[in-house]
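Undergrad: Residue numbers for the sequence shown follow the working numbering, beginning at 5 and rising by one.
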Amino acid sequence: MDSRRDFLKKTSLFAGLTTVANMVPPSLLKAMSIEPTPGSSYKDAEHVVFLMQENRSFDHAYGALKGVRGFNDPRVLKQQNGLPIWFQTNKQGQTYAPFRLDIKNSKITWMGSLPHSWTDMVGARNKGKMDTWLEAKKAARAYEHMPLTMGYFDRKDIPFYYALADAFTICDQHFCSTLTGTSSNRTSFWSGAVRENPHDEKSLPHVFNGQIDYKNVGWKTYPERLEEAQIPWKVYQNELSLPVGFKDEEDDWLANFTDNSLEFFKQYKVRFHPAHMAFLRKQLADLPQEINHLEAKLPKDEQEQKLLVTKKETLVKVQEAIKTWNEQGFAALSDFEKNIHKRAFVTNEADPDYHKVEQIDYDDAGVKRQMVVPKGDILYQFRADVANGKLPMVSWLVAPCRFSDHPGSPWHGAWYISEILDILTKNEEVWKKTIFVLTYDESDGYFDHQSPFVPPHSQRPYTGKTSAGINTATEFSGIDPKAPQEEGKDSPIGLGFRVPMVIASPWTKGGYVNSQIFDHTSCLQFLEHFIAAKTGKVIKETNISTWRREVCGDLTSAFRPANEQAVQLKPLERNKFIESIYAAQFKPLPGNFSAISEQQLQQANKTGKFNEFLPSQEPGTKLANALPYQHEVNLVQLANGQLEMHFAAGKTLFGSKSAAGAFQVYAPGTFKLAKLDKSEEVTMNQWNFCVIPGDQISYQWPLADFVADYYLLQCYGANGFFRSFKGGKQASGLNIKVSPELLNIKMATGNVLVNLLADRDLKVELKDNAYGNATKTISLKKGKSSQLIVPTKQSGAWYDFTLTIQGNSIFAYQYAGRIETGKNSISDPLMGRV
5 MDSRRDFLKK TSLFAGLTTV ANMVPPSLLK AMSIEPTPGS SYKDAEHVVF
55 LMQENRSFDH AYGALKGVRG FNDPRVLKQQ NGLPIWFQTN KQGQTYAPFR
105 LDIKNSKITW MGSLPHSWTD MVGARNKGKM DTWLEAKKAA RAYEHMPLTM
155 GYFDRKDIPF YYALADAFTI CDQHFCSTLT GTSSNRTSFW SGAVRENPHD
205 EKSLPHVFNG QIDYKNVGWK TYPERLEEAQ IPWKVYQNEL SLPVGFKDEE
255 DDWLANFTDN SLEFFKQYKV RFHPAHMAFL RKQLADLPQE INHLEAKLPK
305 DEQEQKLLVT KKETLVKVQE AIKTWNEQGF AALSDFEKNI HKRAFVTNEA
355 DPDYHKVEQI DYDDAGVKRQ MVVPKGDILY QFRADVANGK LPMVSWLVAP
405 CRFSDHPGSP WHGAWYISEI LDILTKNEEV WKKTIFVLTY DESDGYFDHQ
455 SPFVPPHSQR PYTGKTSAGI NTATEFSGID PKAPQEEGKD SPIGLGFRVP
505 MVIASPWTKG GYVNSQIFDH TSCLQFLEHF IAAKTGKVIK ETNISTWRRE
555 VCGDLTSAFR PANEQAVQLK PLERNKFIES IYAAQFKPLP GNFSAISEQQ
605 LQQANKTGKF NEFLPSQEPG TKLANALPYQ HEVNLVQLAN GQLEMHFAAG
655 KTLFGSKSAA GAFQVYAPGT FKLAKLDKSE EVTMNQWNFC VIPGDQISYQ
705 WPLADFVADY YLLQCYGANG FFRSFKGGKQ ASGLNIKVSP ELLNIKMATG
755 NVLVNLLADR DLKVELKDNA YGNATKTISL KKGKSSQLIV PTKQSGAWYD
805 FTLTIQGNSI FAYQYAGRIE TGKNSISDPL MGRV
């Protein structure tokens, strides 16, 4: 491992405090330089390594990255007042937009985290309105006057992470599994569930950390299934979070930050951990002496009396615990129980310094400073297993707090990730057979602009609809009558907000973006697929619900064969002058934010020019993965006073790889919503839909329930899929169907096919909104139909056009998205402003 001083240097570099932001670290250059085996694919890999880091939203970390659905999203959700949801307003009427936090010139990385629990996650989503972030995610009292939730970093702040995305494949439609904090998302990551009985809606959903952490939950996990199938696996960490005798500073640098959720499952019997049992024995020996010492000190002050009581209580607990948690008890376990315990809790015990930290001195621009760092190698056992050819087929890495990227710690995670890449690429033959997946558990309190896809409730038709046979009741929390009102609120459990995911491997090089919907269960679904391909063994995670399995992909669309890996990252010169991240704690508070006045907002809303208030996303496009989406959404106005929307997910183009369609439909105005027992007027109401491949569903809205004298429905899907249907309550006389143009049932041209049918004489105009196609005017006779082709070759299969009717000032149907052909393309040129 590096010397302590090298560690400091690398940490500073990768944290981003360098005068050159567009650097490429050596670890990435090495990984990029290793060519995959000719003719190979990801199915030829032998190792899959997962690292789940902590608490960063997608926009917060990557909203400014070129080619992803970030700050330039041209079809962002708008609020009822017409403002994009970039503009968040608090109870005082102050409005703020996203602002750069500036990791170098402010102390933001030392200011701790924002609220990130079930209550405030559900609050920020606000039934899909996404408009209460400033209140739901308000900072701690010392910083509550700051709109920190709207803060973000860019390439200047975290260049390593941007270089990582430029080198490999970033997933910009990757959501955390649950609208919760850490533990529920991590149990989803390892087990696909948050309930003891995952398919029983009456089984209590575990949506708070306190319901999971060391609570001996018991539902089955995927590592157990791997063990049953004799698939090699391990979870690596320096040390567990179970008490082993660490003090605060040691715990932050050395323990796993309670991020290995297998510690909380009773079947893993974590308290047999050798370091914990040794700690119990030490307490059993030390506590009586400490108690005697305190009792001998007379008279006792109040603090000493409390300490004495605490130590006596602790001694009783230790005496009781040691009766069960001892070597004899472990020896009595079955071989299976011993094996899953040992594999889940691999630590660096072979390193004599793995429980030690040390203090080093360093010079910060002429100022002498001190800091604490680990004395041992926190990746010791992982490094040894890779070097000795013992890396298992499946492994998970769990970082200590200081390396976890949690906002409560500095951004040392870049060093940790870089070190992992160094380890995996030291032997080129290892890297040629390895897939490394970097993901994040949840979004902390940081804003993300994309409303997460959630299911409708199966027993509540007013919430939307799914294909037949999908029961979504278990995807809802239900109302807990024993919980406080705010905590007991009924809500979809997930998906949660977007979080970063980067997949690094020989088959994901080249700086691609993948825009298929993923969540934490996608990692399990990938393992199902990968292991079946490698071994023929079917190891299905049966905890994953049908809805989640349909909506969330299995990551395979992110991989390309070896012969498609020609794109290379050019090495860039790196400035050797490096400033330490530790100096940032002595910098001022973030201050580059200001409230936007009502007058400014009204003017921007009137002109549609919001850019002066918004972050600047890097211009340009990324190469983009082909996606297995064959989706259509169309609206018809029925003679009975109903609007009927049709949702379809085809499977002719992509066969068994075809993915379901997940859609959100909004009524931006006021709508009379008929629930099961009452009717109420709502604004910005959201309905949710899921249609499985090969199926189509429809849903109706009564025209009379739109309070305004017109209707407006807007539909959002994955990867910028968008429909906006606006019209008067009198029939327009025009029926429109928009779909991919097909050469045959198995091949799409990439163009858009527009079918028009009129029940009266009409003149229809098709106007391109983004990609330079000429406006077309079509004269339709009563009862006649017409077909139009919208070409997309020049825009990489992206389209955005609006259909209007001459003489009808209200009618406007907008269609936008990307036609999938099975071939790789580019990210949205409109988003890239090219």
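Even for Gly, the Cβ is constructed at its ideal location relative to N, Cα and C.
Between which two residues does the beta strand (DSSP E) containing Gln-83 stretch?
TA: DSSP places Gln-83 in no beta strand (DSSP E); its state is neither H nor E.
Undergrad: Cβ of Ser-181 within 9 Å of Cβ of Gly-417?
TA: no
Undergrad: Should Arg-199 be counted as a contact of the ligand HEM given a C-beta to heavy atom distance under 8 Å?
TA: With respect to the ligand HEM, the structure offers nothing, as it holds no ligand at all.
Undergrad: Can you give me the C-alpha to C-alpha distance between Ala-653 and Pro-119, rounded to a whole angstrom?
TA: 38 Å
Undergrad: Can you look up Lys-676 in the DSSP assignment and give me helix, strand or coil?
TA: strand
Undergrad: What three-state label does DSSP hand Ile-793 in the structure shown?
TA: strand
Undergrad: Less than 8 Å between C-beta atoms, sequence neighbours within five positions excluded: which residues of the same chain meet that for Phe-590?
TA: For Phe-590, the pLDDT reaches just 46, beneath the cut-off of 50, and the residue's location in the model is therefore unreliable, although a value from the coordinates is still provided. Result list for Phe-590: Lys-111, in chain order.
Undergrad: Looking at Gln-634 and Phe-850, is the spacing between their C-beta atoms short of 9 Å?
TA: Absent from the model: residue 850. The displayed extent of the chain is 5 to 838, so no value can be given.
Undergrad: For Asp-832, which of helix, strand or coil comes out of DSSP?
TA: coil
Undergrad: Exposed or buried, what is Val-542 when buried is set at 16 or more other beta-carbons lying within 10 Å of its beta-carbon?
TA: Looking at its Cβ environment, which holds fewer than 16 other Cβ atoms inside 10 Å, Val-542 is exposed.
Undergrad: Do the stretch 141–158 and the stretch 212–230 touch if we need at least three Cβ pairs shorter than 8 Å?
TA: no
Undergrad: From which residue to which residue does the alpha helix (DSSP H) around Glu-636 run?
TA: Per DSSP, Glu-636 belongs to no alpha helix (DSSP H); it is in the beta strand (DSSP E), 635–641.
Undergrad: Which value, in whole angstroms, describes the spacing of the CA atoms of Ala-570 and Ser-561?
TA: Because Ala-570 sits at a pLDDT of 45, beneath the cut-off of 50, its placement in the model cannot be relied upon, and the point is left open.
Undergrad: If we ignore side chains and look at the alpha-carbon of each, how far apart do Tyr-358 and Leu-383 end up?
TA: 10 Å
Undergrad: Quick one: what does DSSP say Asp-367 is sitting in, helix, strand or coil?
TA: In the three-state scheme derived from DSSP, where H, G and I count as helix and E and B as strand, Asp-367 is classed as strand.
Undergrad: Taking all protein chains shown into account, do 16 or more other C-beta atoms lie within 10 angstroms of the C-beta of Lys-273, making it buried, or fewer, making it exposed?
TA: Burial of Lys-273 is indicated by the presence of at least 16 other C-beta atoms within 10 angstroms of its C-beta.
Undergrad: So, Ser-399 versus Tyr-226, is the Cβ gap smaller than 9 Å?
TA: Cβ atoms of Ser-399 and Tyr-226: not closer than 9 Å.
Undergrad: Using the DSSP secondary-structure output, state which residues sit across from Asn-812 in a beta bridge.
TA: Ile-809
Undergrad: What residue range is occupied by the uninterrupted alpha helix (DSSP H) comprising Met-125?
TA: 122–129
Undergrad: Out of curiosity, what's the CA-to-CA distance linking Tyr-366 and Pro-378?
TA: 15 Å
Undergrad: Would Tyr-466 be called buried (16 or more neighbouring beta carbons within 10 Å of its own) or exposed?
TA: Exposed, because fewer than 16 other Cβ atoms sit within 10 Å of the Cβ of Tyr-466.
Undergrad: In terms of DSSP beta bridges, what is Phe-103 paired with?
TA: Gly-155
Undergrad: To the nearest whole angstrom, what separates the beta carbons of Ser-519 and Asp-106, a pair I think is in contact under 8 Å?
TA: In fact, because the Cβ distance is near 29 Å, the residues do not count as touching under 8 Å.
Undergrad: In the DSSP assignment, the beta strand (DSSP E) including Tyr-165 goes from what residue to what residue?
TA: Not the beta strand (DSSP E): Tyr-165 falls in the alpha helix (DSSP H), residues 163–171.
Undergrad: Taking buried to mean at least 16 other C-beta atoms within 10 Å of its own C-beta, is Arg-145 buried or exposed?
TA: By the neighbour-count rule (16 or more Cβ atoms within 10 Å), Arg-145 is not buried but exposed.
Undergrad: Looking at the structure shown, is Met-36 part of a helix, part of a strand, or coil, going by DSSP?
TA: Met-36 carries a helical assignment under DSSP once its states are collapsed to helix, strand and coil.
Undergrad: Please tell me whether Trp-511 and Val-361 are closer than 9 Å, where the distance is taken between their beta carbons.
TA: no
Undergrad: If I measure Cβ to Cβ from Leu-311 and keep anything under 7 Å in the same chain, skipping five residues before and after, which residues do I get?
TA: Leu-298
Undergrad: Is Val-768 buried or exposed, if buried means 16 or more other CB atoms sit within 10 Å of its CB?
TA: Here Val-768 is buried, its C-beta having at least 16 other C-beta atoms within 10 Å.
Undergrad: Please look up how many angstroms separate the CB atoms of Gly-737 and Ile-814, rounded, as I've assumed it's under 8 Å.
TA: Rounded, the Cβ-Cβ distance is 13 Å, inconsistent with contact.
Undergrad: Buried or exposed for Lys-108, going by 16 or more other Cβ atoms inside 10 Å?
TA: By the neighbour-count criterion, in which a residue is buried when 16 or more other Cβ atoms sit within 10 angstroms of its Cβ, Lys-108 is buried.
Undergrad: With three or more C-beta pairs closer than 8 Å as the rule, is the stretch 44–57 touching the stretch 532–549?
TA: yes
Undergrad: Using CA coordinates, which residue listed in Ala-167, Phe-164, Thr-674, Gly-754 is at the minimum distance from Ser-742?
TA: This sequence places Val at residue 742; Ser is not what is there. Residue Gly-754 is the option with its Cα nearest to Val-742.
Undergrad: Tell me the rounded alpha-carbon separation between Val-503 and Ser-195.
TA: 19 Å
Undergrad: I'd like the list of long-range same chain contacts for Gln-603, defined as Cβ closer than 7 Å, with 5 residues on each side in sequence excluded.
TA: none
Undergrad: Can you tell me whether His-359 is helix, strand or coil according to DSSP?
TA: Coil.
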